[in-house]
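Colleague:
Number of protein chains: 2
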Amino acid sequence: MSVTAPRGFRAAGVAAGLKPSGNRDVAVVINDGPSRAAAGVFTRNRVKAAPVLWSEQVLKGGRVRAVVLNAGNANACTGAPGFQDTHATAERAAAALDDSAAEIAVCSTGLIGERLPMPELLAGVDAVIAEAARDGGLAAADAIRTTDTVAKIAFKRGEGYTIGGMAKGAGMLAPSLATMLSVITTDADLTAEQCDRLLRRATSVTFDRIDSDGCLSTNDTVLLLANAASGVVPDEAEFARLLTEVCDDLARQLIADAEGASKSIAIEVVGAASEDDAVTVARAIARNNLFKCAIYGEDPNWGRVLAAVGTTDAAFEPDQLNVAINGVWICRGGAVGDDRAKVDLKPRDVTVTVDLSAGSSAATVWTTDLTVEYVHENSAYTT
Amino acid sequence: MSVTAPRGFRAAGVAAGLKPSGNRDVAVVINDGPSRAAAGVFTRNRVKAAPVLWSEQVLKGGRVRAVVLNAGNANACTGAPGFQDTHATAERAAAALDDSAAEIAVCSTGLIGERLPMPELLAGVDAVIAEAARDGGLAAADAIRTTDTVAKIAFKRGEGYTIGGMAKGAGMLAPSLATMLSVITTDADLTAEQCDRLLRRATSVTFDRIDSDGCLSTNDTVLLLANAASGVVPDEAEFARLLTEVCDDLARQLIADAEGASKSIAIEVVGAASEDDAVTVARAIARNNLFKCAIYGEDPNWGRVLAAVGTTDAAFEPDQLNVAINGVWICRGGAVGDDRAKVDLKPRDVTVTVDLSAGSSAATVWTTDLTVEYVHENSAYTT
Numbered sequence: 000m001s002v003t004a005p006r007g008f009r010a011a012g013v014a015a016g017l018k019p020s021g022n023r024d025v026a027v028v029i030n031d032g033p034s035r036a037a038a039g040v041f042t043r044n045r046v047k048a049a050p051v052l053w054s055e056q057v058l059k060g061g062r063v064r065a066v067v068l069n070a071g072n073a074n075a076c077t078g079a080p081g082f083q084d085t086h087a088t089a090e091r092a093a094a095a096l097d098d099s100a101a102e103i104a105v106c107s108t109g110l111i112g113e114r115l116p117m118p119e120l121l122a123g124v125d126a127v128i129a130e131a132a133r134d135g136g137l138a139a140a141d142a143i144r145t146t147d148t149v150a151k152i153a154f155k156r157g158e159g160y161t162i163g164g165m166a167k168g169a170g171m172l173a174p175s176l177a178t179m180l181s182v183i184t185t186d187a188d189l190t191a192e193q194c195d196r197l198l199r200r201a202t203s204v205t206f207d208r209i210d211s212d213g214c215l216s217t218n219d220t221v222l223l224l225a226n227a228a229s230g231v232v233p234d235e236a237e238f239a240r241l242l243t244e245v246c247d248d249l250a251r252q253l254i255a256d257a258e259g260a261s262k263s264i265a266i267e268v269v270g271a272a273s274e275d276d277a278v279t280v281a282r283a284i285a286r287n288n289l290f291k292c293a294i295y296g297e298d299p300n301w302g303r304v305l306a307a308v309g310t311t312d313a314a315f316e317p318d319q320l321n322v323a324i325n326g327v328w329i330c331r332g333g334a335v336g337d338d339r340a341k342v343d344l345k346p347r348d349v350t351v352t353v354d355l356s357a358g359s360s361a362a363t364v365w366t367t368d369l370t371v372e373y374v375h376e377n378s379a380y381t382t
Numbered sequence: 000m001s002v003t004a005p006r007g008f009r010a011a012g013v014a015a016g017l018k019p020s021g022n023r024d025v026a027v028v029i030n031d032g033p034s035r036a037a038a039g040v041f042t043r044n045r046v047k048a049a050p051v052l053w054s055e056q057v058l059k060g061g062r063v064r065a066v067v068l069n070a071g072n073a074n075a076c077t078g079a080p081g082f083q084d085t086h087a088t089a090e091r092a093a094a095a096l097d098d099s100a101a102e103i104a105v106c107s108t109g110l111i112g113e114r115l116p117m118p119e120l121l122a123g124v125d126a127v128i129a130e131a132a133r134d135g136g137l138a139a140a141d142a143i144r145t146t147d148t149v150a151k152i153a154f155k156r157g158e159g160y161t162i163g164g165m166a167k168g169a170g171m172l173a174p175s176l177a178t179m180l181s182v183i184t185t186d187a188d189l190t191a192e193q194c195d196r197l198l199r200r201a202t203s204v205t206f207d208r209i210d211s212d213g214c215l216s217t218n219d220t221v222l223l224l225a226n227a228a229s230g231v232v233p234d235e236a237e238f239a240r241l242l243t244e245v246c247d248d249l250a251r252q253l254i255a256d257a258e259g260a261s262k263s264i265a266i267e268v269v270g271a272a273s274e275d276d277a278v279t280v281a282r283a284i285a286r287n288n289l290f291k292c293a294i295y296g297e298d299p300n301w302g303r304v305l306a307a308v309g310t311t312d313a314a315f316e317p318d319q320l321n322v323a324i325n326g327v328w329i330c331r332g333g334a335v336g337d338d339r340a341k342v343d344l345k346p347r348d349v350t351v352t353v354d355l356s357a358g359s360s361a362a363t364v365w366t367t368d369l370t371v372e373y374v375h376e377n378s379a380y381t382t
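Chain order of the listed sequences is A and B.
Be aware that the first sequence starts at 0, since it is given in numbering that gives the first Met the number 0, and climbs by one per residue.
Be aware that the second sequence starts at 0, since it is given in numbering that gives the first Met the number 0, and climbs by one per residue.
(1) Going along chain B in order, which residues have a C-beta closer than 9 Å to the C-beta of Thr146(A)?
(2) Whose C-beta lies closer than 6 Å to the C-beta of Gly259(A) among residues of the same chain, with five residues either side of it excluded?
(3) Which residues mark the beginning and the end of the beta strand (DSSP E) in which Thr88(B) is found?
(4) If you run the structure through DSSP and keep just helix, strand and coil, what is Arg62(B)?
(5) Using DSSP with H/G/I as helix, E/B as strand and the rest coil, what is Ala306(A)?
(6) List the DSSP bridge partners of Thr370(A).
(7) Between the stretch 319 to 333 of chain B and chain A, which residues of the former have a C-beta closer than 9 Å to a C-beta of the latter?
(8) Going by C-alpha distance, which of Ala361(B), Met117(B), Ala166(B) and Asp125(B) is nearest Leu137(B)?
(9) Mind checking whether Ser54(A) and Ala306(B) have CB atoms under 8 Å apart?
(10) Exposed or buried, what is Gln193(A) when buried is set at 16 or more other beta-carbons lying within 10 Å of its beta-carbon?
(11) Kindly indicate which residue of Ala281(A), Cys246(A) and Val127(A) has the alpha-carbon position closest to the one of Ala93(A).
(12) Between the stretch 342 to 361 of chain B and the stretch 197 to 209 of chain B, do at least 3 Cβ pairs fall closer than 8 Å?
(13) Taking only runs that begin and end inside the stretch 231 to 287 of chain B, name each unbroken alpha helix (DSSP H) of 4 or more residues, in chain order.
(14) For Asn377(B), which of helix, strand or coil comes out of DSSP?
(15) Identify the contact partners of Arg45(B) in chain A, using a Cβ-Cβ distance below 7 Å as the criterion.
(16) In the DSSP assignment, what residue or residues form a beta bridge with Gly12(B)?
(17) Can you find a C-beta in chain B that's less than 8 Å from the C-beta of His375(A)?
(18) Check each residue of the stretch 288 to 299 of chain B: if its Cβ is closer than 7 Å to any Cβ of chain D, include it; give the result in chain order.
(19) Candidates Ala357(B), Asn321(B) and Cys292(B): which alpha carbon is nearest Glu274(B)'s?
(20) Anything in the stretch 48 to 65 of chain A with a Cβ closer than 7 Å to a Cβ of chain B? List those residues in chain order, please.
(21) For my contact list, Tyr295(B) and Asp368(B) are in at a C-beta cut-off of 8 Å; report their separation, rounded to the angstrom.
(22) Return the first residue and the last residue of the beta strand (DSSP E) that Leu115(A) is part of.
(23) So Ala306(A) contacts chain B; which residues on that side make the cut at Cβ distance below 9 Å?
(24) When DSSP labels each residue in this structure, what does Asp354(A) get in the three-state scheme?
(25) With Ala70(A) and Val28(A) assumed to form a contact (beta carbons below 8 Å), what rounded beta-carbon distance in angstroms separates them?
(26) With DSSP as the reference, identify every bridge partner of Val364(B), one or two as the case may be.
(27) So, is Asp318(A) buried or exposed, given that buried needs 16 or more other C-beta atoms within 10 angstroms?
(28) Does the beta carbon of Ser378(B) sit closer than 8 Å to a beta carbon anywhere in chain A?
(29) Helix or strand or just coil, what does DSSP make of Lys18(A)?
(30) Pull the bridge partners of Val221(B) from the DSSP assignment, please.
(31) Would you be able to state if there are at least three C-beta pairs under 8 Å between the stretch 183 to 193 of chain B and the stretch 2 to 16 of chain B?
(32) Identify the continuous beta strand (DSSP E) that holds Gly163(B) and give its terminal residues.
(33) Touch check for the stretch 15 to 32 of chain A and the stretch 133 to 150 of chain A: three-plus C-beta pairs under 8 Å?
(34) Under 8 Å by Cβ, that's how I've got Gly168(B) and Leu253(B) pegged, so tell me the actual separation to the nearest angstrom.
(35) Tell me which residues of the stretch 5 to 23 of chain B have at least one Cβ-Cβ distance to chain A shorter than 8 Å, keeping chain order.
(36) Could you check if Gly302(B) is buried or exposed, using at least 16 other CB atoms within 10 Å of its CB as the buried criterion?
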């Protein structure tokens, strides 16, 4: 399933020798048409990996025949030679598909600052395209994992069409546009312009609202491929809703599997003067290391929540702030509220609700706690 | 020494029962004149503790007779009753000194969201003023410690006058103006206007440039008291230099003793188009958890440095960035540079140099690594 749930898509994942573990590390998603409408959203980081620079150019054409993805090496901070490596990857896939490299998107994830082992990768491109099949969606999702402990897939059925998706991402989850790598496919009939508009809208309230560690990757890419194989021109509102559900499903899977996390934390901000204010406040809390350590320690430390809220320029009065943790309003009017002993922080899922008492807008950002395991995992990543 | 190094100041620190440990927790710094010129810089957090709100009003008058400080309880997020507690503290000190509460500054540090134990604190105010003496500077510096492992003091002698200071702060070090609590005294003859201007200038390049964990406290306060007891009107340039040296000395002590840190990291940004750009880039690196974990793991991960630089709007071209760690230029032109194996990350002091190749401005921000001990200490703070 996953990216091969919709008709007219093939996929595969193979082991090409990029991961020291010997696990699958090269994937492909092939669009067999008839349409090739596509859109992409990319990292806002100004230090962009070579495959991001390449794929941004491909997507300007609004058409994608196939996406080649690799894990184990991000091909980031590799200069002009790294860009040539991405170009060669696209050319190799184009040759195997007898198509144009200008319609081959490329995504990479893994270590930064190291050149790709090109002989292995190019042999992998040949192998993965030869293997690509209707039942290859799960193998593709498996191949793009780095420190992900599970493959992430999702799909939804609309009126006569299907949307499928896969994603990877375990650290450095703080998208400004997208998060890590995700490919979403549909057999609905959409224009490239529709793909772009619908994908931006869906990612803005899903992938854009997860933030595991405040770190913005050099490689974040989300692609939407629509091939019209169903012959169905979808109701745009319905499609938008289903696409958002697929993105939301994948985004939650990313947070649930974030590196070293022991808690999945929803930060709901309500009573905001605007949705922007709500997102700003939620993100400030999501990035506060002291708050994240407190949740790891199962300590309902609302003072650290207020200290984070106070760093923003959102509309609020300090003495009108209310904070609930898992439904217990332990801070009322900027001061002590209900008994903190009533807060049960044992479950993995934690909800922090902040009422700004400044309006009627709301937004939720999903984050994780800051744990000993996170520090361990990220202090030994390249060594 | 410390705040009592200059003539005409008395200080003391006593144990009043605010800290569960029974250690000293109430301090006073008394200015015996003849002048009472003073200035303060305070946290930019909009959620300000009661003593910050109080002391901001006191400092508007430009005169301070005494500063009362307590550790163990921050009196933050305590609403109107908390403000009344601060007011009562100032009144008690004023009564003991036969002076006006409007010239008594108050500083608190410790747990957020709990009321002060006022009977103990007020008895402590009486005791600490009774004990205040010329040799009490070290006891005062000791009393304001929370998780600080050592007391922080500094002093410098100018032409006929002296500047002394004390500070505390171990977590939540990310000042936007000041950091945690610090009182600086001098027997030079300065106007309140001079105190304000000189203090703002000195803190902007010292306390403002340390950032241990990106978290901005509700209580940060730095006060400068000048009593003219030396009779010397200082050369302003010399005084500015010495005051900056005292602030820099104290700021470095704060970073060296930051909660759970195993490395003190200087992030030098050079080749910037402006000093603001340099500070922005340095701070983005200082707040990147993945970079901070890498340094903890003694991994010279320059890719994470570039990923952090890329999140800023500073002037630079990604392919012209150079990065050195402890003097080894492991990233040149945005790509791999010298051999990373040459980088020795064993020493506690680490220097990361980023050359933006965009101009001739520079700035340094001091930070720490992100460690297992930081997570432990901050996940069990209130429990």
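Quick reminder that beta carbons are idealized off the backbone N, C-alpha and C, glycines included.
Modeller: In short, the structure shows the following:
(1) The premise fails here: Thr146(A) is roughly 12 Å from chain B at the closest Cβ pair, so nothing lies under 9 Å.
(2) Thr370, Glu372, Tyr373 and Glu376
(3) First-last for Thr88(B): Gly78 to Leu96, but that is the alpha helix (DSSP H), not the beta strand (DSSP E).
(4) strand
(5) helix
(6) For Thr370(A), which the question treats as bridged, DSSP gives no partner whatsoever.
(7) Leu320, Ile329, Cys330, Gly332 and Gly333
(8) Ala166(B)
(9) no
(10) buried
(11) Val127(A)
(12) no
(13) 235 to 255 and 274 to 285
(14) helix
(15) Gly309 and Pro317
(16) Ala26(B)
(17) yes
(18) No chain D appears in the structure shown, which is made up of the protein chains A and B.
(19) Ala357(B)
(20) none
(21) 4 Å
(22) Careful: Leu115(A) lies outside any beta strand (DSSP E) and carries neither H nor E.
(23) Asn44, Val46, Ala75, Cys76, Ile111, Met171, Cys214, Leu215, Ser216 and Thr217
(24) strand
(25) Rounded, the Cβ-Cβ distance is 14 Å, inconsistent with contact.
(26) Ile266(B)
(27) exposed
(28) yes
(29) coil
(30) Val40(B) and Ser181(B)
(31) yes
(32) Thr161 to Lys167
(33) yes
(34) 5 Å
(35) none
(36) buried
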